[in-house]
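What follows is a set of notes on a single structure, which appears directly below.
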Amino acid sequence: MKVRIGFGFGVRTRLNDNGFGIVVDALERLRFDSLWLSERLSGESPDPLVAMAFAAGRTTRLKFGMSVMVLPGRNPIVLAKELATLDRLSNGRLLPAFGLGVADPHEQQAFGVARGERAAWFDESMRVLRAAWTGEPFTHHGERYHFDDLRVLPPPAQQHLDVWLGGIAPSELRRVGRLADGWLPSFVTPEDAARGREAIEATLAEHGRTIDDDHYGALIPYATGPVPDAVLAGLAKRRPDLEDPTVLVPSGWDALLALIDRFVAVGTTKFVVLPLVEPPSPDAWVEHLEQAAPILLARQT
Numbered sequence: 001m002k003v004r005i006g007f008g009f010g011v012r013t014r015l016n017d018n019g020f021g022i023v024v025d026a027l028e029r030l031r032f033d034s035l036w037l038s039e040r041l042s043g044e045s046p047d048p049l050v051a052m053a054f055a056a057g058r059t060t061r062l063k064f065g066m067s068v069m070v071l072p073g074r075n076p077i078v079l080a081k082e083l084a085t086l087d088r089l090s091n092g093r094l095l096p097a098f099g100l101g102v103a104d105p106h107e108q109q110a111f112g113v114a115r116g117e118r119a120a121w122f123d124e125s126m127r128v129l130r131a132a133w134t135g136e137p138f139t140h141h142g143e144r145y146h147f148d149d150l151r152v153l154p155p156p157a158q159q160h161l162d163v164w165l166g167g168i169a170p171s172e173l174r175r176v177g178r179l180a181d182g183w184l185p186s187f188v189t190p191e192d193a194a195r196g197r198e199a200i201e202a203t204l205a206e207h208g209r210t211i212d213d214d215h216y217g218a219l220i221p222y223a224t225g226p227v228p229d230a231v232l233a234g235l236a237k238r239r240p241d242l243e244d245p246t247v248l249v250p251s252g253w254d255a256l257l258a259l260i261d262r263f264v265a266v267g268t269t270k271f272v273v274l275p276l277v278e279p280p281s282p283d284a285w286v287e288h289l290e291q292a293a294p295i296l297l298a299r300q301t
């Protein structure tokens with residue numbers, strides 16, 4: 001199994017101007033595996049689709065994905081065309097990852113899908129995306145979308161676009177088993193990852209599907225100093241089942257490496273790391289990445 005480490009910018013990043021390109025160039029030069037962009041319409045983070053296209057145009061090897069892009073509320077045919085185009089123009093470097101969207105009334109209002117309807121929209125949209133990416137004519141008649149003999153061209157450069165999903169709730173794990181090609185949860189422990197994989201594999205067996213052994217990952221936020229109290233309070237609220245929520249956020253490079261090693265021991269091999277406190281400027285970002293590269297990339301195999 002190949003261990004790979006990429007960087008995520010998160011929904012609070014302010015890399016939304018010319019500084020974005022400076023940091024992308026550093027990720028490429030330092031040979032990190034991938035870049036992951038988050039989506040929040042009401043936040044400072046750049047639009048993931050536009051940002052990925054910008055990153056693809058100035059790099060040749062860096063892969064890029066969304067952590068995550070909201071699917072319910074988007075036209076799946078238009079999105080299929082956009083992502084297939086991006087995959088082709090980047091020579092097959094796209095790592096698509098989708099979600100239902102944050103439980104925020106303003107974000108849900110913007111996408112136009114009620115919270116209780118998001119899962120059904122998501123599942124049908126995924127079926128449409130898969131059909132559109134084949135490059136062959138298809139017919140689909142569901143509750144929301146109706147297409148007869150529709151063909152979307154060109155198909156992606158990758159013969160099969162591997163779709164990554166996250167989440168650790170039972171319903172989310174079942175969705176991964178039914179629809180995904182990879183699992184990328186956040187705010188999880190290695191023990192969560194092991195249990196989640198068991199649940200996913202049970203659903204895979206029910207549906208006669210498989211996920212590659214090296215398509216299990218984790219998004220890991222990390223700190224370079226003490227974890228702020230406000231963050232700890234948020235973690236405790238997010239994961240009330242954990243006695244010590246600091247286990248979700250390693251502090252310092254040694255702690256981050258130790259946590260990665262524990263994940264690898266349970267079969268998790270794809271990692272997206274992101275600093276809990278963002279470097280204050282593009283130059284500070286580059287300095288941070290230059291420090292991180294020899295430490296983290298030594299874990300890649």
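First residue of the sequence shown: 1, per the UniProt record's numbering; consecutive thereafter.
All C-beta atoms in this analysis are idealised placements derived from N, C-alpha and C, irrespective of residue type, glycine included.
Residue i to residue j span [Cα, whole Å]
i, j, result
"arginine 58", "glycine 6", "17 Å"
"proline 48", "glutamine 158", "20 Å"
"histidine 288", "alanine 255", "17 Å"
"aspartate 17", "leucine 95", "23 Å"
"leucine 184", "glutamate 124", "21 Å"
"phenylalanine 64", "isoleucine 22", "16 Å"
"valine 176", "alanine 97", "11 Å"
"glutamate 82", "valine 152", "10 Å"
"leucine 242", "leucine 276", "19 Å"
"glutamine 300", "glutamate 198", "25 Å"
"serine 67", "leucine 297", "21 Å"
"leucine 27", "leucine 62", "7 Å"
"arginine 179", "leucine 173", "The residue you asked about is not arginine; residue 179 is leucine in the sequence shown. Distance between the alpha carbons of leucine 179 and leucine 173 is about 10 Å."
"serine 251", "alanine 284", "19 Å"
"leucine 150", "aspartate 25", "39 Å"
"aspartate 148", "glycine 135", "14 Å"
"leucine 232", "alanine 265", "26 Å"
"glycine 267", "methionine 52", "28 Å"
"valine 102", "glycine 10", "13 Å"
"aspartate 213", "aspartate 104", "34 Å"
"methionine 126", "histidine 160", "14 Å"
"leucine 86", "leucine 35", "15 Å"
"alanine 131", "aspartate 244", "44 Å"
Spatial neighbours of residue i in its chain, beta-carbon cut-off 7 Å, leaving aside the 5 residues before and after
i, result
"histidine 106", "Ser42"
"asparagine 91", "Ala157"
"threonine 13", "Glu44, Ser45, Glu278"
Whole-Å CB distance - residue i paired with residue j, under 8 Å assumed
i, j, result
"residue 315", "glycine 196", "No answer is possible for residue 315: it lies beyond the span of the chain, which begins at 1 and ends at 301."
"leucine 89", "alanine 56", "6 Å"
"alanine 218", "alanine 193", "6 Å"
"serine 45", "glycine 8", "Rounded, the Cβ-Cβ distance is 10 Å, inconsistent with contact."
"arginine 115", "glutamine 108", "6 Å"
"residue 320", "alanine 230", "The question about residue 320 has no answer here: the residues shown for the chain are numbered 1 through 301."
Residue from the options whose Cα sits closest to the Cα of residue i
i, options, result
"aspartate 33", "Gly19, Arg14, Phe20, Lys2", "Lys2"
"arginine 31", "Gly21, Asn18, Arg4, Gly10", "Arg4"
"arginine 118", "Gly99, Leu274, Ser45, Leu235", "Gly99"
"proline 279", "Thr189, Thr60, Gln291", "Gln291"
"proline 154", "Trp133, Glu172, His140", "Trp133"
"tryptophan 121", "Gly73, Asp104, Pro137", "Gly73"
"phenylalanine 111", "Ala131, Ala84, Asn75, Asn91", "Asn75"
"arginine 40", "Val272, Leu129, Val70", "Val70"
"tryptophan 272", "Arg12, Pro240, Phe187", "In the sequence under discussion, the amino acid at residue 272 is valine, which differs from the tryptophan named in the question. It is Phe187."
"threonine 246", "Thr268, Ala293, Asp261, Thr189", "Thr189"
"isoleucine 295", "Val78, Ile260, Thr268", "Ile260"
"arginine 144", "Pro156, Pro137, Val128, Arg93", "Val128"
"glycine 166", "Ile220, Pro240, Thr60, Ala114", "Ile220"
"threonine 60", "Asp244, Arg93, Arg130, Thr13", "Arg93"
Cβ of residue i within 7 Å of any chain B Cβ
i, result
"valine 70", "Any reference to chain B falls outside this structure, which holds one protein chain only."
Close-in-space but distant-in-sequence residues of the same chain around residue i (CB under 6 Å, 5 per side omitted)
i, result
"glycine 182", "Asp162, Trp164, His215"
"tryptophan 253", "Ile295"
"leucine 248", "Phe187, Leu235"
"alanine 293", "Leu30"
Neighbourhood of residue i by C-beta, 8 Å cutoff - its chain only, sequence neighbours within 5 removed
i, result
"serine 281", "Gly19"
"alanine 258", "Pro250"
"serine 171", "Ala119"
"histidine 140", "Arg127, Val128, Ala131, His146, Phe147, Leu150"
"proline 137", "Asp149, Leu150, Arg151"
"alanine 80", "Val128, Leu129, Ala132, Trp133, Val152"
Any 3 or more C-beta pairs closer than 8 Å across the stretch 225 to 236 and the stretch 194 to 212
no
Q) Between the stretch 188 to 204 and the stretch 231 to 238, do three or more beta carbon pairs fall short of 8 Å? A) no
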